[in-house]
Amino acid sequence: MKDYSNYKGLAFFDLDGTLLNSKSQLDQEVIEALSRIRENGILPFVATGRGPFELKHLINNSGINGAVSMNGQFIMLDGEVIYKEEIPTPVITKLLDVASACNEAIAFYDDSHYWVSELTKYAIKAYEYAHMPLPLEKPNYYLKNEVNMLLVLTDKLSQQDYYKEAVPELNFYMNSPSSIDVTNISTNKGTGVAHVKNLLGIKGPSYGFGDGRNDFALLSACDNKTAMGNAVHGLKEIADFVTTANTDHGIINAFKHWEII
1 MKDYSNYKGL
11 AFFDLDGTLL
21 NSKSQLDQEV
31 IEALSRIREN
41 GILPFVATGR
51 GPFELKHLIN
61 NSGINGAVSM
71 NGQFIMLDGE
81 VIYKEEIPTP
91 VITKLLDVAS
101 ACNEAIAFYD
111 DSHYWVSELT
121 KYAIKAYEYA
131 HMPLPLEKPN
141 YYLKNEVNML
151 LVLTDKLSQQ
161 DYYKEAVPEL
171 NFYMNSPSSI
181 DVTNISTNKG
191 TGVAHVKNLL
201 GIKGPSYGFG
211 DGRNDFALLS
221 ACDNKTAMGN
231 AVHGLKEIAD
241 FVTTANTDHG
251 IINAFKHWEI
261 I
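So the sequence shown is numbered by our numbering: it starts at 1 and just counts up by one.
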């Protein structure tokens, strides 16, 4: 691993609705701003619910070489895995039983790809929303293969609390119109931030930027908390600064507020 002792701070960015535009792409002004904060001693990390295999193109374009992915379940730096967690197979089976009783499908993630128990209409909507290819149906593949994150494919926000009660071993975050992110109960973006801080030993300020329900833990783990103008209810209340929307120069305005560009 490279020596990062010359950096004086860390910045952690959610992707969809935060760092990316409405087409899930990086605007050129954001790419340039990320380069400038690095020059000013702030080391940027992605902090996302996406899998590491979904980030290669983004990382190559942005100059960001660190990622807290799968909501803290899988962390990479300089192309190396520095932390990961597996979701226990019996817990996945329990969740599948609960989801099946609700006629809802599950998506599975490992370090290289994703797949689903069933390709439902909500599965199609979820991957169209993220501008990603549709997954294959492989309902039993998880039994013999490591799983690092899950999604419940539904459009019902109320199901978030239902699953929390039914499967208390796991965390549930309704993070898109058609899916709920799922991690181990002890893991979230905030624990991912803590792992990065401990590993790199950078003692300076940390900056968190987010908009979604899985970003409460992210902002709480950072010294300087930014909610996007398009953020969900409640996230703005815990933020130190509310910037404009991701589609209205939100990241640039936040960098200016924190005086890191």
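Note that beta-carbon positions come from the ideal geometry of N, C-alpha and C, so glycine has one too.
Could you give the residue range of the beta strand (DSSP E) that holds D181? Run containing D181: 179–184, per the beta strand (DSSP E) assignment.
Using a 10 Å radius around the Cβ and a threshold of 16 neighbouring Cβ atoms, would you call S262 buried or exposed? Look at the range of the chain in this structure, 1 to 261, and you will see that residue 262 is not part of it.
Is the distance from the Cβ of G72 to the Cβ of H233 below 9 Å? no
For P44, which beta-bridge partners are listed by DSSP? A11
Identified DSSP bridge partners for T120: BP columns for T120 are empty, so no partner.
N171 (DSSP reduced to helix, strand or coil): In the structure shown, N171 sits in a strand (DSSP, three-state: E or B).
Suppose you measure from the CA of P205 to the CA of L34; what does that come to, to the nearest Å? 16 Å
Quick test of the definition: if touching needs 3 or more C-beta pairs under 8 Å, does the stretch 159–168 touch the stretch 142–151? no
If you draw a straight line from the alpha carbon of S325 to that of S5, how long is it in whole angstroms? No answer is possible for residue 325: the residues shown for the chain start at 1 and end at 261.
What residue from Y207, S220, V30 has the CA that sits closest to G9's CA? Closest in C-alpha terms to G9, from the list Y207, S220, V30, comes Y207.
Who are N224's beta bridge partners in DSSP? Y207
Cα-Cα, which of H249, W258, H257 is closest to L20? H249
Three-state secondary structure assigned by DSSP to Y83: Judged by DSSP in its simplified three-state form, Y83 adopts strand.
Rounded to a whole number of angstroms, what is the C-alpha to C-alpha distance between G51 and H113? 8 Å
Could you please give me the residues that DSSP links to W115 through a beta bridge? F108, L136
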